[in-house]
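In the numbering used here, the protein residues as written are 110 to 609. No residue lacks a Cβ here, since even glycine has one placed at the ideal position from N, Cα and C. What follows is one structure encoded as structure tokens, with my remarks underneath.
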Amino acid sequence: MNLSRRSFIKWVISAGAVAACPWPMSAQAEPGRKKIPKGKLTSETNKVCHQVKDGHELPLPEPSAVHDIVIVGGGPSGLAAADEIQNSDFLLLEKENHVGGNAYTESWRGLNYSTGAAWASIFSPEVDAIFKRWKFDMKLIKGVDAAYFNGVWVKDFWNGKVDNPNLDKLPYPDSVKESMREFCRHIGPIDIEQEKERLDRMPFSEILKNYTPELKAFWDAFGPSNWGAVSEDTSAYLGIQAARDWWQSERYSFEGGMGMGSRKIYEHLSPEAQNRILLNAAVYKVRKQNGKVLVSYMLKGKPRTVQAKAVVMATPKFITKYIVEDLPLDQVTAMGHVRFAPFLVYNLCFNKVVYNQNYDNWIIGSKNLTDFIPADWVTHADGGDLNRPQIITVYAPKPESLREDLLEDKKVLAMAKSAVEELTDLFPGWLKHLEEVRIYRRGHPMYMSTPGFLTKIQPVAGRDFPPIYFAHSDSMGELSDLAYAGLSGIRAAQKAAKHI
110 MNLSRRSFIK WVISAGAVAA CPWPMSAQAE PGRKKIPKGK LTSETNKVCH
160 QVKDGHELPL PEPSAVHDIV IVGGGPSGLA AADEIQNSDF LLLEKENHVG
210 GNAYTESWRG LNYSTGAAWA SIFSPEVDAI FKRWKFDMKL IKGVDAAYFN
260 GVWVKDFWNG KVDNPNLDKL PYPDSVKESM REFCRHIGPI DIEQEKERLD
310 RMPFSEILKN YTPELKAFWD AFGPSNWGAV SEDTSAYLGI QAARDWWQSE
360 RYSFEGGMGM GSRKIYEHLS PEAQNRILLN AAVYKVRKQN GKVLVSYMLK
410 GKPRTVQAKA VVMATPKFIT KYIVEDLPLD QVTAMGHVRF APFLVYNLCF
460 NKVVYNQNYD NWIIGSKNLT DFIPADWVTH ADGGDLNRPQ IITVYAPKPE
510 SLREDLLEDK KVLAMAKSAV EELTDLFPGW LKHLEEVRIY RRGHPMYMST
560 PGFLTKIQPV AGRDFPPIYF AHSDSMGELS DLAYAGLSGI RAAQKAAKHI
């Protein structure tokens, strides 16, 4: 299908500057086809980060302010750190014009939708306690997921069980189905905690290679969307855990995804603590000096420095290694080995409900996307008014080799066009009701759970550098998750508070 509308897409860059960019398509639609509606392309603010990475020497002015603790980064981890010490003298610096990081929710016509994190996957007594503290009112994700194989949708395709009857619905020979069952038999008795170090250093593909290629094709879609990596770049510890255990647990989320969780943490801060958050403040240097820490940042094009007794770095390790001065060589090396996946998220805005069959829907073998979810599923899984507007959130992780392409508007818009074309070919009725396409791009949002990351790389990369303490979801746990982000922020804030 040729989606050929000349409407303009609003392109939001550099802290809100807006320009108009045409959707890169031909001028004429196919006869009888509706033209593609307008769109909106939104990105992170990355100018200062790229200058730091490229080795630019930015000014280091004398301190113009003094605080006990400075928190760098306003995602869930930085917000959790601020919440933990909200009655202290702290300052939180966030480079974007909003808080939330990769757990950020936007809205269209009053409907919330995710630009990143979709659902909560990690639960424990400790996690339950912080979610209760922040008054998270997540809803149970009802229903099942589905996967599309060679023209056939299979509901509840995977549950990790040998006796899963839905495997019989696959459009493949019995030998393929039996191979998938044999995989379940193999991983069932494995004690992943007892063998954690061995499995973590093994790629998941080493296990999958013994089974039918159709099984690997599924995990090579599931992995990039959930932890940023195909099976060759996935720790077998995580792969087995996901294949065997994830499906036994209930899932929860907000309407609009986990960005609503970031809002809840922010709302838990007192007004005084909220006023200690400085937006559009891009940190480019953190250095120790005479027992203190100097944090330099750019605000409205002007360099500034704040002095602190302790610092919480709630930033991803790929940029942290450039910002923090004089880190030990092994720690810098470990941070450099933390890999991040580039990611595009497309939110398709419709004037009525177009899909309400399943929650997470996987299109196996697609080159343009991995999966999509109805943004309001947790509220309307049972139906609701089918004439209400609806948003479909489409996830499109990209290989690292395409990261630079995300810097070019035309290439990003072309990727989005291809994904929308694929979906409207699969669901021809969608285009009639499609009113807007919103695109969010991030170059390094999700750390990849690569072999050796959990047991070898993470412990060194996240090691304390007193009085600088490291948070962010890449500092703990086997995959990027709001719970890990929150817990790491709290622990780093506690260490900083104890230091002062």
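- In this structure, DSSP gives Tyr464 a state outside helix and strand, which the three-state scheme calls coil.
- Secondary structure in the stretch 261 to 287: the beta strand (DSSP E) runs of 3 residues or longer, each lying completely within the stretch, are 261 to 264 in chain order.
- With fewer than 16 neighbouring CB atoms inside 10 Å of its own CB, Pro168 falls in the exposed class.
- Listed in chain order, the beta strand (DSSP E) elements of length 3 or more contained wholly in the stretch 333 to 416 are 390 to 398, 401 to 408.
- The alpha helix (DSSP H) runs lying completely inside the stretch 182 to 230 and spanning 4 residues or more are 185 to 193, given in chain order.
- Here Gly493 is exposed: its Cβ has fewer than 16 other Cβ atoms, across all protein chains shown, within 10 Å.
- Trp471 is bridged by DSSP to Ala256, Asp480.
- With contacts defined by Cβ atoms closer than 7 Å, Arg547 and Leu515 do not form a contacting pair.
- Assignment of beta-bridge partners to Val503 by DSSP yields Tyr455, Phe481.
- For the pair Pro282 and Asn275, the Cα-to-Cα distance works out to about 14 Å.
- For Tyr593, the enclosing alpha helix (DSSP H) covers residues 591 to 608.
- Following the DSSP letters along the chain, one finds Phe240 inside the alpha helix (DSSP H) bounded by residues 234 to 242.
- Across the structure, Ser197 and Gly366 are spaced so that their CA atoms are roughly 30 Å apart.
- By the Cβ-count criterion, Gln303 is exposed, with fewer than 16 other Cβ atoms from all chains shown falling within 10 Å of its own Cβ.
- Gln350 is classed as buried because its beta carbon has at least 16 other beta carbons within 10 Å across all chains shown.
- If you look at Tyr578, you'll find it isn't in any alpha helix (DSSP H); it sits in the beta strand (DSSP E) that goes 577 to 579.
- Tyr556 sits in a strand when the DSSP states are folded into three classes.
- Under the DSSP assignment, Lys519 falls in the alpha helix (DSSP H) whose first and last residues are 518 to 535.
- Beyond the five residues adjoining it in sequence on each side, Arg294 comes within less than 7 Å, by CB distance, of Val271 in the same chain, given in chain order.
- Closest in alpha carbon position to Glu171, among Tyr504, Val261, Val463, Gln416, is Gln416.
- Distances from the CA of Ser405 to each of Lys394, Gln398, Lys411, Asn399 were compared; the closest alpha carbon is that of Lys394.
- Ala423 and Ala190 do touch by the CB rule: their CB atoms are close to 6 Å apart, below 8 Å.
- With distances taken between CA atoms, Lys241 lies nearest to Ala592 out of Asn211, Ala592, Leu202.
- Counting the other CB atoms within 10 Å of its CB gives Ala174 a total below 16, which places it among the exposed residues.
- Apart from the 5 residues on each side of it in sequence, Asp354 sits with its Cβ closer than 8 Å to the Cβ of Gly269 in its chain, given in chain order.
- Secondary structure at Met289: helix, using DSSP grouped into helix, strand and coil.
- Scanning its chain for C-beta atoms nearer than 6 Å, with the 5 sequence neighbours on each side dropped, one finds around Thr488 the residues Glu364, in chain order.
- Distance from the CA atom of His176 to the CA atom of Lys401, rounded to whole angstroms, is 10 Å.
- Under the 8 Å Cβ criterion, the stretch 558 to 565 does not count as touching the stretch 456 to 469, having fewer than three qualifying pairs.
- Straight through space, the alpha carbons of Gly187 and Leu457 are spaced by roughly 30 Å.
- With fewer than 16 other CB atoms across the displayed protein chains lying within 10 angstroms of its CB, Asp237 is exposed.
- Scanning its chain for C-beta atoms nearer than 6 Å, with the 5 sequence neighbours on each side dropped, one finds around Ala443 the residues Ile566, Val569, Ala570, in chain order.
- Per the C-alpha coordinates, the member of Ile482, Met585, Leu540, Ser527 positioned closest to Ile231 is Met585.
- The beta carbon of Lys318 sits closer than 8 Å to those of Lys325, all from its chain and outside the five residues before and after it, given in chain order.
- Counting only residues of its own chain and dropping the five nearest sequence neighbours on each side, Ile500 has a CB closer than 8 Å to the CB of Trp217, Leu220, Tyr222, Asn456, Leu457, Cys458, Phe459, Pro483, Ala484, Asp485.
- In terms of CA proximity to Glu166, Pro412 leads the group Gln603, Pro412, Pro234, Ala229.
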